[in-house]
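Take a look at the structure below.
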Amino acid sequence: MTVTATAAPGKSLISPTDHTLILIDFQSQMAFATNSIAPELLRNNAALVARAAASFGVSTILTTVAEKSFSGPMFSEVTDPFPGQALLDRTSMNTWEDEAVIAEVNRIGKPRIVFAGLWTSVCIVGPVASSIDQGFDAYFIADACGDVSPEAHERACQRMIQLGAKPMTAMQYMLELQRDWARSETYASTTGIAAELGGGYGLGIKYARMMFGASEGH
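Take any residue in the sequence shown, note its place counting from 1, add 21, and you have its number in my numbering.
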């Protein structure tokens with residue numbers, strides 16, 4: 022059998038317009054007991070995801086659980102890129118069982134959902150499993166999720182993969198949205214976010230710019 026290659030992206034790759042991003046329970050009380058990832062790294066990765074989504078105009082839902090009565094405010098790193106956007110507060114641990122969230126998912130109308138938040142084994146597994154059951158294509162950003170222990174996080178990730186969800190990382194999420202450095206309208210924003218929040222890669226961008234005037238793809 023002959024297979025012919027074409028210069029086209031795979032259907033499983035995400036784009037800014039084909040998915041809804043749901044950021045779940047990035048809140049103080051949830052973070053206090055998160056031990057699978059360092060809090061500063063969690064906040065960094067959550068910020069990278071939120072800023073990337075805002076930069077590319079991704080349809081995004083921000084949801085909290087018992088914000089005023091128990092869990093506290095959502096990370097400012099997550100809310101700042103979406104000024105004025107309402108937080109959908111819930112009582113349910115499973116975001117997918119909240120009518121207001123589901124109304125927003127249906128209003129946006131995208132068949133693919135990307136999830137990130139706290140904790141992986143409860144507040145991410147629940148909506149991932151539920152959305153898959155209802156025919157949605159689910160992704161989760163593993164390093165922008167956290168749990169009470171590394172074991173809890175890893176078992177949750179395995180469970181979601183077994184259900185058919187696709188794991189990603191925060192940097193992968195942003196670079197998959199960009200995908201081509203010739204996309205000049207988002208080039209500066211993408212490299213700017215990477216320079217600030219992209220760890221060693223970000224340092225490399227700053228170094229190359231200062232020392233050589235270099236830029237990706239040019």
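For every residue, glycine included, the Cβ atom is placed at its ideal position computed from N, Cα and C.
- Just measuring C-alpha positions, the residue of F47, F161, L196, K32 sitting nearest L218 is L196.
- Within 10 angstroms of the beta-carbon of L34 lie fewer than 16 other beta-carbons, which makes it exposed.
- Contact between T207 and K131 fails: their C-beta atoms lie close to 19 angstroms from each other, not under 8 angstroms.
- M231 has its alpha-carbon roughly 45 angstroms from the corresponding atom of T116.
- Among the bridge pairs identified by DSSP, D119 is matched with none.
- Taking all protein chains in view, the Cβ of D46 is crowded by 16 or more other Cβ atoms within 10 Å, so the residue is classified as buried.
- Taking 8 angstroms as the cut-off, the Cβ atoms of A68 and E98 count as close.
- Checking the DSSP bridge columns, you'll see K187 partnered with Y160.
- Here the segment 152 to 160 makes contact with the segment 181 to 189; the two share three or more CB pairs at distances below 8 angstroms.
- With contacts defined by Cβ atoms closer than 8 angstroms, V146 and M181 form a contacting pair.
- The alpha carbon of A177 has as its nearest neighbour, out of F53, T112, V149, R111, the alpha carbon of V149.
- DSSP places A87 outside any alpha helix (DSSP H), giving it a letter other than H or E.
- Annotation for T41: the continuous beta strand (DSSP E) segment containing it runs 40 to 45.
- Distance check between I82 and each of S113, S170, T100 places T100 closest, using alpha-carbon atoms only.
- For the set M95, F53, L44, the Cα lying nearest the Cα of A73 is the one of L44.
- Taking 4 residues as the shortest admissible run, the segment 198 to 230 contains the following complete alpha helix (DSSP H) segments, listed from N- to C-terminal end: 205 to 218.
- If you compare the alpha carbons of T25, A26, M51 with that of C166, the shortest gap goes to M51.
- Cβ contact annotation for N56 (same chain, cutoff 7 angstroms, sequence separation greater than five): V169, S170, in chain order.
- In the three-state reduction of the DSSP assignment, V149 falls in the helix class, which pools H, G and I.
- In the same chain as G93, and ignoring 5 residues on each side of it, the C-beta atoms closer than 7 angstroms to its own belong to Q48, S49, Q50, in chain order.
- Here the C-alpha atom of A216 lies approximately 6 angstroms from the C-alpha atom of I226.
- Bounds of any alpha helix (DSSP H) do not take in L109; it lies within the beta strand (DSSP E) bounded by 109 to 111.
- In the structure shown, V135 adopts extended strand secondary structure according to DSSP, grouped into three states.
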